[in-house]
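For reference, the structure discussed in these notes is given below.
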Amino acid sequence: MHKTPQVNEVNEFIEIASDFEDPLEVIREALSNSYDAEATWVDIEINQDDEGRNTLIIEDDGHGMDEQNLASFFDLGNSNKSDAIGYKGHGTKIYYKSDEIRVETVKEGIRMESVMDQPWETLNDRELPTYSVNTEETDETSGTRIEVHGFRAGQGFDPEQLTYNKIEHYIKWKTIGGSTAWHFDDDFHEFDIEVTLSSHIDDTRDKIETSNKLKFPEENLDPDGEFVAERMCKHFPPRELTVTLDDGRELTIEVVGMVGGKEARNDLPTYGKHSAQFGIWLAKDHIKVERYNDAIGADNEFFHFFFIANCQDLELSANREKIRNKSGDVYQAITDELERFMTKVCQDTWYNDYIARRKLEDKKRSVQTQETSLQERLTKTKEQGGLSPSNPAEVIAALERYSANGSPETIEIADFRLDEEVNAIVDTGEEYKNAALEVKLSDFFEDETPLTHIDRFICWKLGDLDALTKTERASYLGEPIRFDFNNNEVRYGAEDAKTIPVLELADKV
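First residue of the sequence shown? That's 558 in the numbering used here, and the numbers climb one at a time after it.
Here's what the structure looks like:
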């Protein structure tokens, strides 16, 4: 007897839709679908009403959908786009996280309108949602309009989180809107992208208008000036690398990139933590997926580089955030070839001149910074008439000066641990004492540190006398406390009060 494994279809829909964690991935999927439909333009509107309900409207002039395409749009894993970005049929399932999906599409004189009501609620009720289809003839031009009402976007579409700037960077860094294919394809499919946000979300500008090309900052090989390395930038032209596997298959890797200083790199429309976006990006469909910075080598810092290596033989997860075939021969062949390629980049004469100039300029900056710092310290010292500690180490130096200049008592630091509540043990020549050493005495009482094991205070100044008086009036850790500034001591507790001497160094050094 043979049995066929069963698939829980509801769970599959929920899991695939939930895999898309960043709500902005809905924009990535919209752009990919419009690109696959050979659109020349795509408009995206994101609206939010007074109650925070999100509506997405995506419209393009692509070739539209017929009944089979429409079924693929709603079905899971039933895409008929074998050579397209959305060939798995997973991406559009992010739309299921909504109250309603409405599709209007025209293809070859046939207009179809389809509505799916409460897809997310239905799935969470453990049922598969259904959709209606109405068909009629029309003389309208081809194109598609998708409306997603009540899109469950989490915090991603919160007015405080979503801005035109954030979306523009996302489009250029994470979607087909930042494609590098134009470097390799004379017949590159360029299309215009327009994104409009409701004023509830961002009212700082009218819209985003861009194309689907990612462009590097302007090349600047040898700028004028004293400190120029940060502005230096070199483009490395597109290269097609071919690798043959053991089984005879050939892989094509399309590589293009740049090396540049910080100011040049700042012109790139990165998404996410800026400093973590550089190095060597592996891409599929010319959309960046993951970095492989091991190709750069340990002797070179990754952040100088921004390269994209595209290979259509990479296999991606459903949400396109990870490469799935890392353990196979394809990935190994790609990374090996990239290591060879980047070795040559790192041997480039201009690159090595840039690194040398950057190191020299860093040393010059360090000297100038040191000179400025010393001048500021000298000016401050003259204004203050001498030492004015700003940290415990300087208080220790003041204590040493006090003890060396005929003080009535000799106090030496026997042990000091900055992070301890009782941070010092002092040697008075007769015995060891536990001490709290502070720049200002008032700073100690801000942290409500127990006084049980403190034998004395050592400070540069008493600090905020008003704060100490306030502590005195309110009590300290439930016990009365008194600051006797005339006798330089702190008395703490009710019965058998503890007296803690205070050594204020400012008027003694």
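Note that CB positions come from ideal geometry on N, CA and C, so glycine has one too.
A quick note: this is a predicted structure, and the numbers were derived from the prediction, not measured.
Closest by C-alpha distance to residue i, when choosing among the options
i       : options                               : result
Ala596  : Leu685, Lys650, Ser699 and Arg683     : Ser699
Tyr989  : Lys997, Ile970 and Gly734             : Ile970
Asp856  : Thr900, Arg848 and Asp976             : Thr900
Leu871  : Glu811, Glu704, Gly817 and Thr985     : Glu811
Pro949  : Asn962, Leu931, Lys997 and Tyr908     : Lys997
Thr809  : Asp842, Leu778 and Met815             : Asp842
Glu1003 : Lys1027, Ala992 and Asn991            : Lys1027
Ser1021 : Ile1038, Phe1001, Lys937 and Leu1008  : It should be noted that the sequence gives Asp, not Ser, for residue 1021. Of Ile1038, Phe1001, Lys937 and Leu1008, the residue nearest in Cα terms is Phe1001.
Asp779  : Asp910, Val705, Glu987 and Asp851     : Asp910
Arg877  : Glu847, Ala1054 and Val690            : Glu847
Glu704  : Ser589, Glu896, Trp739 and Asp656     : Asp656
Val815  : Arg796, Lys830, Gly805 and His792     : Here the sequence assigns Met to residue 815, which means Val is not the residue at that position. Met815 has its Cα closest to that of His792, out of Arg796, Lys830, Gly805 and His792.
Met673  : Gly666, Asp905, Lys650 and His831     : Lys650
Phe864  : Ser736, Ser960 and Tyr653             : Ser736
Lys945  : Glu1061, Glu966 and Asp886            : Reading off the sequence shown, one finds Ser at residue 945, where the question assumed Lys. For Ser945, the nearest C-alpha among the options comes from Glu1061.
Asn1043 : Pro1058, Glu1036, Ala1054 and Pro1037 : Pro1058
Leu627  : Leu931, Glu957, Thr701 and Asp905     : Thr701
Ala1054 : Ile1038, Val1066 and Leu613           : Ile1038
Ile912  : Asp972, Leu1025, Ala992 and Cys790    : Cys790
Run of the alpha helix (DSSP H) containing residue i, from where it starts to where it stops
i      : result
Gln718 : Looking at the DSSP string, Gln718 is not in any alpha helix (DSSP H), and its letter there is neither H nor E.
Gln625 : Glu624 to Phe631
Asp819 : It is Lys, not Asp, that sits at residue 819 in the sequence shown. Lys819 to Arg822 is the extent of the alpha helix (DSSP H) around Lys819.
Ala587 : Glu582 to Asp593
Leu998 : Leu998 to Glu1003
Whole-number beta carbon distance between residue j and residue i, since they are thought to touch under 8 Å
i       : j       : result
Gly707  : Lys664  : That belief does not hold up - the Cβ atoms of Gly707 and Lys664 are roughly 27 Å apart, past 8 Å.
Leu802  : Ala890  : 6 Å
Ala1063 : Lys1018 : 5 Å
Ile1011 : Val979  : 6 Å
Phe1041 : Arg1048 : According to the sequence provided, residue 1041 is Asp. The question's Phe does not apply to it. About 7 Å separates the two Cβ atoms, so the contact holds.
Thr761  : Ile584  : Rounded, the Cβ-Cβ distance is 18 Å, inconsistent with contact.
Ile837  : Ala866  : 6 Å
Leu1034 : Glu1005 : 6 Å
Thr679  : Pro686  : 4 Å
Val813  : His861  : Contact doesn't hold; Cβ gap of about 16 Å is too wide.
Glu896  : Val800  : That belief does not hold up - the Cβ atoms of Glu896 and Val800 are roughly 12 Å apart, past 8 Å.
Gly782  : Arg915  : Contact flag wrong, Cβ pair sits at about 14 Å.
Glu966  : Thr936  : At roughly 34 Å, the Cβ-Cβ gap does not stay under 8 Å, so Glu966 and Thr936 are not in contact.
Val1066 : Tyr908  : About 54 Å; that fails the 8 Å criterion.
Residue interval of the beta strand (DSSP E) (run including residue i)
i       : result
Ser671  : Ile667 to Asp674
Val979  : Taken as a continuous stretch (DSSP letters only), Val979 belongs to no beta strand (DSSP E), as it is neither H nor E.
Ile1058 : Per the sequence presented here, residue 1058 reads as Pro, with Ile not at that position. Element bounds for Pro1058: Lys1055 to Glu1061.
Ile615  : Asn611 to Asp617
Thr695  : Where Thr695 is concerned, there is no enclosing beta strand (DSSP E), given that its DSSP letter is neither H nor E.
Lys664  : Glu657 to Lys664
Ala1051 : That residue, Ala1051, is in no beta strand (DSSP E); it is neither H nor E in DSSP.
Gly700  : Gly700 to His706
Val599  : Trp598 to Gln605
Asn867  : Phe862 to Asn867
Phe973  : Glu969 to Phe973
Suppose only complete runs of 3+ residues qualify. What are the beta strand (DSSP E) ranges in the region 1016-1048, listed by chain order?
1038-1041
Decide yes or no for the touch test of the region 595-614 against the region 753-770: beta carbon pairs closer than 8 Å, at least 3 of them.
yes
Where are the alpha helix (DSSP H) runs, 4 residues long or more, that stay fully inside the region 873-950, in chain order?
886-903 and 906-941
Any beta strand (DSSP E) of 3 or more consecutive residues that is wholly inside the region 735-802:
749-754, 765-768 and 790-801
Between the region 725-740 and the region 809-828, are three or more C-beta pairs nearer than 8 Å?
yes
Would you say the region 749-756 touches the region 781-791, given that touching needs at least three Cβ pairs under 8 Å?
no
So, do the region 869-886 and the region 917-932 have three or more beta carbon pairs nearer to each other than 8 Å?
no
Taking 8 Å as the cut-off, does the region 771-781 touch the region 744-751 (at least 3 CB pairs, one atom from each stretch)?
no
As an exercise, report each continuous beta strand (DSSP E) stretch of at least 3 residues that is fully enclosed by the region 822-857, in chain order.
836-841 and 844-848
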